[in-house]
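Peer 1: Everything in the sequence shown is counted per the numbering used here, starting at 10 for the first residue and increasing by one.
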Amino acid sequence: MADLTQLADQLVNLTVKEVKELTDILKDQYGIEPAAAGVAVVAGGAGGGEAAAEEEKTSFDVILKSAGASKLAVVKLVKELTGLGLKDAKDLVDSAPKALKEGIAKDEAEGLKKSLEEAGAEVEIK
């Protein structure tokens with residue numbers, strides 16, 4: 010049990026870059042899609058359709074569909090909003106459509122969408 014607690018502590022303290030690397034390893038070496046597994050855990054732990062529907066109403070995902078005409082401005086804004094390094098922010102923008110932030114409040118999601126659209130990006134909230 011102490012080993013599991015240690016593992017949990019290590020996972021909680023991962024940086025964004027380390028989480029990305031872990032995601033790539035799980036996907037490439039083991040064929041596991043961490044995002045899909047996370048959704049299954051949330052849906053399974055919700056305890057029913059009513060609770061799952063309630064969860065969907067309070068958490069939103071901001072999806073960057075494309076950078077638009079001013080890619081540089083969008084990369085800089087993504088870097089600022091996510092705390093990623095410049096290269097990671099550029100990679101995220103280049104791989105659009107891609108989730109920028111997941112499981113956030115509606116107000117925050119709308120604020121991010123507005124900022125990104127002002128910079129020229131095409132954004133969707135799910």
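We treat Cβ as the ideally placed atom computed from N, Cα and C, and that holds for glycine.
In this text, all values refer to a predicted model and were calculated from it rather than measured experimentally.
1) Taking the continuous alpha helix (DSSP H) assigned at Leu93, which residues delimit it?
2) May I ask you to verify whether the segment 29-40 touches the segment 68-86, counting CB pairs closer than 8 Å and requiring at least 3?
3) Can the beta-carbon of Ala118 be found less than 8 Å from the beta-carbon of Leu86?
4) With DSSP collapsed to three states, give me the class of Ile113.
5) Relative to the alpha-carbon of Asp70, which residue among Leu101, Lys110 and Leu90 has its alpha-carbon at the smallest distance?
6) One question on the structure: do Leu93 and Leu101 come within less than 8 Å of each other, judged by their Cβ atoms?
7) Between which two residues does the alpha helix (DSSP H) holding Leu16 run?
8) Is it the case that the Cβ atoms of Leu90 and Val132 are separated by a distance below 8 Å?
9) By Cβ distance, which residues of its chain are closer than 7 Å to Ala105, with the 5 residues on each side in sequence left out?
Peer 2: Taking the coordinates as given:
1) From DSSP, Leu93 is part of no alpha helix (DSSP H); its letter is neither H nor E.
2) no
3) no
4) strand
5) Lys110
6) yes
7) Ala11 to Val21
8) no
9) Leu73, Lys74, Ser75 and Ala76
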